[in-house]
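Structure, as structure tokens:
4 protein chains.
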Amino acid sequence: MSHYYRLVVSCPDQVGIVARVSGFIAQQGGSITEASQHSDLQTGRFFMRYEILADSLGMSVETLRSAFEPIAQEFSMQWALMDTQKRRRVILMVSRESHCLVDLLYRWQAGELDCDIAGVISNHEDMRSIAEWYRIPYHHVPVDPNNKEASFAQVQELIDNARADCIVLARYMQILPPSLCERYAGQVINIHHSFLPSFAGAKPYHQAYERGVKLIGATCHYVTEELDAGPIIEQDIHRVSHCHTPTDLVRFGRDVEKAVLARGLRWHLEDRVLIHGNKTVVFS
Amino acid sequence: MSHYYRLVVSCPDQVGIVARVSGFIAQQGGSITEASQHSDLQTGRFFMRYEILADSLGMSVETLRSAFEPIAQEFSMQWALMDTQKRRRVILMVSRESHCLVDLLYRWQAGELDCDIAGVISNHEDMRSIAEWYRIPYHHVPVDPNNKEASFAQVQELIDNARADCIVLARYMQILPPSLCERYAGQVINIHHSFLPSFAGAKPYHQAYERGVKLIGATCHYVTEELDAGPIIEQDIHRVSHCHTPTDLVRFGRDVEKAVLARGLRWHLEDRVLIHGNKTVVFS
Amino acid sequence: MSHYYRLVVSCPDQVGIVARVSGFIAQQGGSITEASQHSDLQTGRFFMRYEILADSLGMSVETLRSAFEPIAQEFSMQWALMDTQKRRRVILMVSRESHCLVDLLYRWQAGELDCDIAGVISNHEDMRSIAEWYRIPYHHVPVDPNNKEASFAQVQELIDNARADCIVLARYMQILPPSLCERYAGQVINIHHSFLPSFAGAKPYHQAYERGVKLIGATCHYVTEELDAGPIIEQDIHRVSHCHTPTDLVRFGRDVEKAVLARGLRWHLEDRVLIHGNKTVVFS
Amino acid sequence: MSHYYRLVVSCPDQVGIVARVSGFIAQQGGSITEASQHSDLQTGRFFMRYEILADSLGMSVETLRSAFEPIAQEFSMQWALMDTQKRRRVILMVSRESHCLVDLLYRWQAGELDCDIAGVISNHEDMRSIAEWYRIPYHHVPVDPNNKEASFAQVQELIDNARADCIVLARYMQILPPSLCERYAGQVINIHHSFLPSFAGAKPYHQAYERGVKLIGATCHYVTEELDAGPIIEQDIHRVSHCHTPTDLVRFGRDVEKAVLARGLRWHLEDRVLIHGNKTVVFS
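Residue numbers (this note's numbering), protein chains in the order written: chain A, 1 to 284; chain B, 1001 to 1284; chain C, 2001 to 2284; chain D, 3001 to 3284.
Structure follows, in structure tokens:
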């Protein structure tokens, strides 16, 4: 895999941003292999993402960061410069439904997800065997309904010890406490098994069945304090009919969930997802 | 177009229904060209639809109805026997958005919708020209916000005078009064411009934009007293991204609305849609 | 899982087939939970599939077969009566691409594929570990380009010893010899990584890239002597653009291949696929 | 509608192109509202498209063109600078199938297609009435199989007299002579009623039916001398099954054709389609 630096920027829109940034990169001899921009006309905010061949620049990511700092200040940028050689460290959290976990582990092994998997945390023991087959550390943290605080303190410790910077709720059927949502804001990705905002909360496929919808869906989103209400990264659907029982909906749904979560996570890992209020800009 | 009788049945499920019905049809020499059945395991209700070549039977639809009556009673059937030579009479209702109306008129002329269009009713004059190009009577019934009763009395009179048995709200932006919903129960089809139950009510594309969803949709459903809550016939979606403004969503949405309404109406006209509580069985 | 008998029939179309068959089932007290029919107007052939609750019949599948035989003869039926308690025995064949194999093994374990997996045969050793994690016997049968006959004799022996009645080429990159195609006609399912008939043969994603198509696809079909030309069971596509390299196409394609093969195999195992000349009737 | 200049460029890739172009635009005070780039790694060619608010520049398109010329030469660019106030002039060509023509006329009237429709040319009289309802000049040019040359000389004259710069074959069932293909290279858009490269040539839906495919499609492409082999702009598909007759395929196909042609033409009119050998870059 080639070595890139990725520059991701958001700032108030004005004339000359692209000229300034691309001029800076060109001065350093930087070869841009992928460039995306977006101007949000409603909020007047500008977003950009550059993928730059690291070798073309001949400097470390730290040096490049220092050199870019004045431009960032000039345009009041929120920005980050990532080095693809420093892979993100991901924690997968799961309860008893295995499909998303197994799918992500397979894709990771197949090279589709450019990250290290630092560990799996579960409130059950069920997934230990498959996680360990992939040589991933497995942490069983039961959640005591009468003392969730202790459990989530342990979860937080595991995340921090693993130096993880991305947490994926791969059908983890517990609600994260606000403290964790806040601590890892923009780093926790959930898959919800409905086409949000329809059927938030529990048992969405049964809600969908009761309403008699003709399409079911899944939604990958960042976790915020408000349940199932964070910025949406990706959604997809599957057609159903009167023939299908709730069990069929759950089965179709598994495939949609897997696909949507895998795409959302991949884009997140490639720094393609920029949060904009309660929405996302996705340079996919 | 060939001449068919269509038998549509729903009744409590039990052993022997298909044998009895198909035996009866076979005794009369009836050639079944299309047969659909569905057993709803949750409610224990059975649904079926047969399409029978009229010429193979050699009897009028009335005679066939009389002959079938005892079977219907035996199995406590809700049933109907339709003659495709007696086309449904459809009233189209529209406000100012033309896309659904124009699409339905074109499909009707192209032979995709097997019905007579008995007239167009609108609270505006805008669509008169295109309706009349298709030689369809156009009725302008303004809706006075302070006296809706009078307007809808006129609407009802027009429907009844036209002997219409199907009313299509092709982006008719007025809410039908409960009396009309009840009088034409199961005969009024609406297109809602969202993926219900998400974004019921007004301005769904703007609601969708605000929520930052990645797919927008449209829903074709039977109208009931409760707004946007009737049995769903068909739904579909279109992918959107951060690039798209509310105006883009409206534009994409038009295509989804047209497609979904046309499919839903066609299935209704072909007696493929059976209402089952607040859901539908669609033998498409 | 409930216990069903499945009756699958194809015969020349004529009046009274459904009446005769459903009458017969009703006489035995049989409760039909799913019924599908199709009349092919072009060829005049009739197809049907019944799913019958075994307990409602109170007789063995052999007894039922004998009782049905006269009807089958009367209507010149090709027919089969399956007992869902007798699961099909499936052999998976694979080369070095793991995605389809891993996906099928997972779905099988999750209960989505109602069959026994009798073994994995591969011309490489790569997949042994994952197959054995699922406790499936693994047979390494190298294919010597100069003596394929010997290899395929061994393959045939393995299939026969395993009493397999379904062979899935889950990205098995060898061409089966005509003798095997004939011996297991209607039992060998292949996944081809293009939207057939486009891009038959080798390296379809590269062919697709060269042609600049905007959608890539995959096709699940029965294997016949003529390469990539057998009856199609299922197809699906994925959108691509100028941004995507052949590597991206391969990656997207993996997901389409997995989905299409899994659906096709599931339908085959549930006796939903009836071969009709070089086409299929799929009661999905 | 806002007033934009659109800069579209392709050239050999090298460091500094974006910096140079965006720097130039910024110097003139130009406000870029939409920017797209693509580097083709295989051919080493670079593509870009900028949408610039005309008012922010304060100069005519001619002045801007002159000012940009040195940069274009420096980088060996193929380029164009369009003024959205100078709308393209489109000729629609049609035979007897009305769906694409009617769809395009409606979208044009609804403001979805930013162009002037300079006329409709047909080898039949059938579409005169609807074209004239939209107040579009209609030209009936019969094609004599024994003297096609004369007919196409007349077609060419009509196109040139109309000062048209875009010709849409909206189900025009005649093959354009090589001379016209060459004269209007990159300006003639065709809709082919199959998922190319499958089923090129005549009666594609019947070919698809015979092959038993499970999806049918349509392809919008630029016309070149080789039949159905030009650069593909857009494709889409519709699911079909054994239930569907060739007539059904034709009916489903009409909707796919309309959608695909409308998208392709819209992108072409917005200068989003860049031809790259026999492929396209589409900045949609």
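Positions of the beta carbon are idealized from the N, C-alpha and C atoms, including for glycine.
Burial state of residue 1243/B, where buried means 16 or more other Cβ atoms lie within 10 Å: It counts as exposed.
Reference residue 2263/C, options 2018/C, 2173/C, 2021/C, 2107/C, closest by Cα: For the options 2018/C, 2173/C, 2021/C, 2107/C, the alpha carbon positioned closest to that of residue 2263/C is the one of 2107/C.
9 Å Cβ cut-off: residues of chain A touching residue 990/B: With chain B covering 1001 to 1284 only, the question about residue 990/B has no answer from this structure.
Residues of the segment 20-32 of chain A whose Cβ lies closer than 9 Å to any Cβ of chain D, in chain order: Answer in chain order: 20, 21, 22, 23, 24, 25, 26, 27, 29, 30, 31, 32.
Nearest candidate by alpha-carbon position, reference residue 43/A, set 13/A, 7/A, 127/A: Comparing Cα positions, the closest option is 13/A.
Range of the contiguous alpha helix (DSSP H) that encloses residue 1216/B: From DSSP, residue 1216/B is part of no alpha helix (DSSP H) but of the beta strand (DSSP E) over 1215-1222.
Proximity test, Cβ basis, 7 Å: residue 3106/D and chain B: Interface flag for residue 3106/D against chain B is set, since a Cβ pair is found closer than 7 Å.
Exposed unless 16 or more other CB atoms sit within 10 angstroms - verdict on residue 267/A: By the 10 Å Cβ count, residue 267/A comes out buried.
Where residue 2103/C falls, given that 16 or more other Cβ within 10 Å makes a residue buried: Residue 2103/C should be labelled buried.
Extent of the continuous alpha helix (DSSP H) run through residue 73/A: Where residue 73/A is concerned, the enclosing alpha helix (DSSP H) starts and stops at 61-74.
is_contact[residue 293/A, chain D] using C-beta, thresh 7 Å: Shown here, chain A extends from 1 to 284; a query on residue 293/A therefore has no answer.
Span of the beta strand (DSSP E) around residue 2033/C: DSSP places residue 2033/C in the uninterrupted beta strand (DSSP E) bounded by 2032-2040.
Status (buried if at least 16 other CB within 10 Å, exposed otherwise) for residue 3178/D: Label assigned to residue 3178/D: exposed.
Simplified DSSP assignment, three categories, for residue 3184/D: The answer is coil: DSSP assigns residue 3184/D none of H, G, I, E or B.
Contacts that residue 3296/D makes with chain B (C-beta to C-beta distance below 8 Å): Past the edges of chain D, shown from 3001 to 3284, lies residue 3296/D, and the structure says nothing about it.
Cα-Cα separation between residue 1128/B and residue 1141/B, rounded to whole angstroms: The C-alpha of residue 1141/B is placed about 12 Å away from the C-alpha of residue 1128/B.
Within chain D, partners of residue 1251/B - CB distance below 7 Å: What residue 1251/B touches in chain D: 3112.
Residues bridged to residue 108/A (per DSSP): Residue 108/A is not bridged to any residue.
Touching by the beta-carbon criterion (3+ pairs, under 8 Å), the segment 2183-2190 of chain C and the segment 2217-2235 of chain C: The segment 2183-2190 of chain C vs the segment 2217-2235 of chain C: in contact.
With 16 other Cβ atoms within 10 Å as the buried cut-off, status of residue 2084/C: By the Cβ-count criterion, residue 2084/C is buried, with 16 or more other Cβ atoms from all chains shown falling within 10 Å of its own Cβ.
CA-to-CA distance, residue 208/A to residue 239/A, given in whole angstroms: Taking the straight line from one Cα to the other gives about 12 Å.
Residue 2118/C beta carbon less than 7 Å from that of residue 2162/C: The beta carbons of residue 2162/C and residue 2118/C sit closer together than 7 Å.
Within 7 Å, strictly: CB atoms of residue 2038/C and residue 2281/C: Contact: yes.
Proximity test, Cβ basis, 7 Å: residue 1102/B and chain E: The chain inventory of the structure shown lacks chain E, comprising the protein chains A, B, C and D.
Where residue 3/A falls, given that 16 or more other Cβ within 10 Å makes a residue buried: Exposed.
From 2021/C, 2093/C, 2114/C, 2110/C, residue whose alpha carbon lies closest to that of residue 2074/C: Check the Cα spacing between residue 2074/C and each of 2021/C, 2093/C, 2114/C, 2110/C: the tightest is with 2021/C.
Partners in chain B for residue 3255/D, counting only beta-carbon separations shorter than 8 Å: The answer, in chain order, is 1259.
8 Å Cβ cut-off: residues of chain A touching residue 1234/B: Ordered by position in chain A, the residues that pass the 8 Å Cβ test against residue 1234/B are 214.
Proximity test, Cβ basis, 7 Å: residue 16/A and chain D: By this cut-off, residue 16/A is an interface position.
Three-way DSSP call (helix, strand, coil) for residue 1169/B in this model: If DSSP states are grouped into helix, strand and coil, residue 1169/B belongs with the strands.
Interface partners of residue 1241/B on chain A, CB under 7 Å: Correct list: 282.
Bridge partners - residue 3209/D, DSSP secondary structure assignment: According to DSSP, residue 3209/D shares a beta bridge with no other residue.
Contact list for residue 3035/D against chain A, beta-carbon separation under 7 Å: Under the 7 Å cutoff, chain A gives 18, 37.
Contacts around residue 121/A, its chain only, beta-carbon distance under 7 Å, and the 5 residues preceding and following it disregarded: Within the same chain, Cβ atoms closer than 7 Å to the Cβ of residue 121/A are found at 91, 93, 139, 141, 155, 158, the five residues on either side in sequence being excluded.
Expected contact under 8 Å - CB spacing of residue 3235/D and residue 3260/D to nearest Å: So it is a contact: roughly 6 Å between Cβ atoms.
Beta-carbon neighbours of residue 3133/D, restricted to chain B and to distances below 7 Å: Those within 7 Å of residue 3133/D in chain B are 1133.
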